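As numbered in the numbering used here, residues 35 to 519 make up the first sequence, in order.
Quick reminder that beta carbons are idealized off the backbone N, C-alpha and C, glycines included.
Since the model is a prediction, treat every value here as computed from it, not as a measurement.
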Amino acid sequence: MKLYNSMSRTKEEFNALNGNKVGMYACGITAYDLCHIGHARSCVVFDVLLRYLRFKSYELTFVRNFTDIDDKIIKRAKEVGMKPSELAEKFISEFYVDMDKLNILRADIEPKCTEHIPEMIELVNQLIAKNHAYATPSGDVYYRVRSFSEYGKLSGRNIEELQSGARIEPGDEKEDPLDFALWKAAKPDEPQWDSPWGKGRPGWHLECSAMSGKYLDQPFDIHGGGQDLTFPHHENEIAQTEAATGKPMARFWVHNGFVQINAEKMSKSLGNFFTIRDILEKFHPEVLRYFLLTMHYRSPLNFSFEAMEEAEKGVRRIYATLAQIKLELERSKWSNMELPDEMITEYQGYRAQWALSMEDDLNTAAALGHIFGAMRLAGRIAEDKQLKKSQGAKNLWALLLEDMTRWAQVLGVFEREPSEFLQELRSSRAMRKDIDVDKVEALLTARQEARKAKDFDKADAVRAELSTLGVEVKDTPNGADWDVG
RNA sequence: GGCGGCAUCGCCAAGUGGUAAGGCAGAGGCCUGCAAAGCCUUUAUCCCCAGUUCGAAUCUGGGUGCCGCCUCCA
35 MKLYNSMSRT KEEFNALNGN KVGMYACGIT AYDLCHIGHA RSCVVFDVLL RYLRFKSYEL
95 TFVRNFTDID DKIIKRAKEV GMKPSELAEK FISEFYVDMD KLNILRADIE PKCTEHIPEM
155 IELVNQLIAK NHAYATPSGD VYYRVRSFSE YGKLSGRNIE ELQSGARIEP GDEKEDPLDF
215 ALWKAAKPDE PQWDSPWGKG RPGWHLECSA MSGKYLDQPF DIHGGGQDLT FPHHENEIAQ
275 TEAATGKPMA RFWVHNGFVQ INAEKMSKSL GNFFTIRDIL EKFHPEVLRY FLLTMHYRSP
335 LNFSFEAMEE AEKGVRRIYA TLAQIKLELE RSKWSNMELP DEMITEYQGY RAQWALSMED
395 DLNTAAALGH IFGAMRLAGR IAEDKQLKKS QGAKNLWALL LEDMTRWAQV LGVFEREPSE
455 FLQELRSSRA MRKDIDVDKV EALLTARQEA RKAKDFDKAD AVRAELSTLG VEVKDTPNGA
515 DWDVG
């Protein structure tokens, strides 16, 4: 497959160096608050990458860390009167709640920063020994950025450009404004660990170098994260790891694009901030996951509730078609008729295009387009009175369901039993629109009785009433059904 | 100021040299007691200008507009 490598700024052919073993590391969350849509996107993107690599039979080891100690955690813990470790634990468990709903698979290894202090200290020791780092009298340790000649290679910056923007805070003991902290001397009332430089705690960038180094062979295959982590976080990881080991850190650097609100960056300061929970109050989690896959992972993605409603319709349509096909397949007798060759060819086209799309830098948006194509074809066959009873239709539908299982497994959507999912989706929509389900059922029964008596005026009146409630009635061969309009 | 990205139908969105996927919305039709759902048909020459090429949404140069990073951030 082709994968865009931020380091080379091109799509490159991805292959594993070590047989079919692949090591992947993604920067996880800092556990100080609930996850927002941006986290959801990043996690979905790397979840699909992980699923796809496994689908392609790579033997993948995926590491995703938790930052469970840093400035933000300490600050928030003070605000709410918790210990930083308690706060981090709380938000790590909240993370799992959200991610499970979004059908994000667990990483193989989910290391926590505070459980890897010795590894980090060891890494700092190596850097000091190689003159890439220095301790200050107060017990801070800084990375000597100018000692690493390749600094800036990932983010495409050079030292001089960075120099102009860098500042020294009062009281800093840095040799150079560009230097960044590897180890921070302890402050009173803050979590601290013993180290050769006195009590203190690790800097943020250090943990990813230490933990990826511990769990993955270097260079490992894929390092992922949000676009904003490119600089300085990933740049600093590279500086740390490569200066210490003398080996490249990772072969592919993969960055997902940002979620935006009204074409602007989502941030707390702008007040345009949505947590995953905010969304799931109104929408089924699978709708969110689907929505996140309708755009290429490197593009900025504009979030809105209107866009979510559209996504919801898309998901519903796929499942509705699947449900219809499953129903059709219950037929016991099939004619000997085969499908026209053009239909077979068309179907094979969607199938092939799906694979090509995924091969091309994980183009889930295009892949979904081809799934729609396949669904439309399936529906077209079901519309044809002759074809729908044919052996040919049966074979194609069975093949489609089989393919769909694979597609769903990779994308992490459309995995559910269609009828069950449609029920859940309807409940979710009914809740969002404040629809009283019991009342709807009662009206529906009344309408059915009227219809049985051929009292269509009354039946239509009831339907009109349902319509004002926001409910649309569907008459099917198996009775009346309803959905949120 | 430096670095980078983006601009495709009413909206969302694929498409990196060979003649514009798909979704949502709209229109007409089939189906239906009437509807809904579904299916069929239908709606673009790709921000502007110049250039390269037999051929460009796709490459080059210039312009305009928007966004991101450079400070914690998925």
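Do you know how far the Cα of residue j is from the Cα of residue i?
i: residue 161; j: residue 151; result: 15 Å
i: residue 477; j: residue 289; result: 52 Å
i: residue 131; j: residue 380; result: 41 Å
i: residue 262; j: residue 294; result: 13 Å
i: residue 457; j: residue 233; result: 56 Å
i: residue 389; j: residue 445; result: 12 Å
i: residue 126; j: residue 56; result: 26 Å
i: residue 79; j: residue 394; result: 14 Å
i: residue 93; j: residue 219; result: 41 Å
i: residue 488; j: residue 306; result: 53 Å
i: residue 475; j: residue 35; result: 50 Å
i: residue 479; j: residue 486; result: 11 Å
i: residue 210; j: residue 245; result: 27 Å
i: residue 297; j: residue 329; result: 14 Å
Do residue i and residue j have their C-beta atoms closer together than 8 Å?
i: residue 99; j: residue 147; result: yes
i: residue 275; j: residue 229; result: no
i: residue 153; j: residue 248; result: yes
i: residue 359; j: residue 448; result: no
i: residue 176; j: residue 214; result: yes
i: residue 212; j: residue 179; result: yes
i: residue 139; j: residue 216; result: no
i: residue 38; j: residue 254; result: no
i: residue 326; j: residue 314; result: no
i: residue 258; j: residue 72; result: no
i: residue 371; j: residue 421; result: yes
i: residue 411; j: residue 136; result: no
i: residue 423; j: residue 365; result: yes
i: residue 484; j: residue 492; result: yes
i: residue 497; j: residue 481; result: yes
i: residue 107; j: residue 64; result: yes
i: residue 271; j: residue 101; result: no
Which of helix, strand or coil does DSSP assign to residue i?
i: residue 94; result: strand
i: residue 369; result: strand
i: residue 165; result: coil
i: residue 398; result: helix
i: residue 420; result: coil
i: residue 218; result: strand
i: residue 100; result: strand
i: residue 509; result: strand
i: residue 121; result: helix
i: residue 469; result: coil
i: residue 335; result: strand
i: residue 330; result: coil
i: residue 70; result: strand
i: residue 353; result: helix
i: residue 39; result: strand
i: residue 520; result: Given a span of 35 to 519 for the chain in the structure shown, any question on residue 520 remains unanswerable.
i: residue 185; result: coil
i: residue 141; result: coil
i: residue 412; result: helix
i: residue 514; result: strand
i: residue 60; result: strand
i: residue 454; result: helix
i: residue 19; result: Nothing about residue 19 can be read from this structure; the chain reaches only from 35 to 519.
i: residue 47; result: strand
Sort out for me which residues DSSP pairs residue i with in a bridge.
i: residue 286; result: 256
i: residue 227; result: 234
i: residue 263; result: DSSP output for residue 263 lists no bridge partner at all.
i: residue 55; result: 52 and 93
i: residue 293; result: 335
i: residue 81; result: None; residue 81 has no bridge partner.
i: residue 176; result: 168 and 215
i: residue 345; result: None, per the DSSP bridge assignment.
Please look up how many angstroms separate the CB atoms of residue i and residue j, rounded, as I've assumed it's under 8 Å.
i: residue 269; j: residue 338; result: Not really, about 33 Å apart at Cβ, beyond 8 Å.
i: residue 40; j: residue 287; result: 4 Å
i: residue 225; j: residue 118; result: 5 Å
i: residue 431; j: residue 362; result: 7 Å
i: residue 95; j: residue 250; result: 7 Å
i: residue 402; j: residue 82; result: About 11 Å; that fails the 8 Å criterion.
i: residue 104; j: residue 238; result: 6 Å
i: residue 166; j: residue 341; result: Contact flag wrong, Cβ pair sits at about 46 Å.
i: residue 207; j: residue 172; result: 6 Å
i: residue 517; j: residue 508; result: 7 Å
Do residue i and the ligand PLP come close, with the Cβ less than 7 Å from some heavy atom?
i: residue 484; result: Ligands are entirely absent from the displayed structure, and the ligand PLP is therefore not among its contents.
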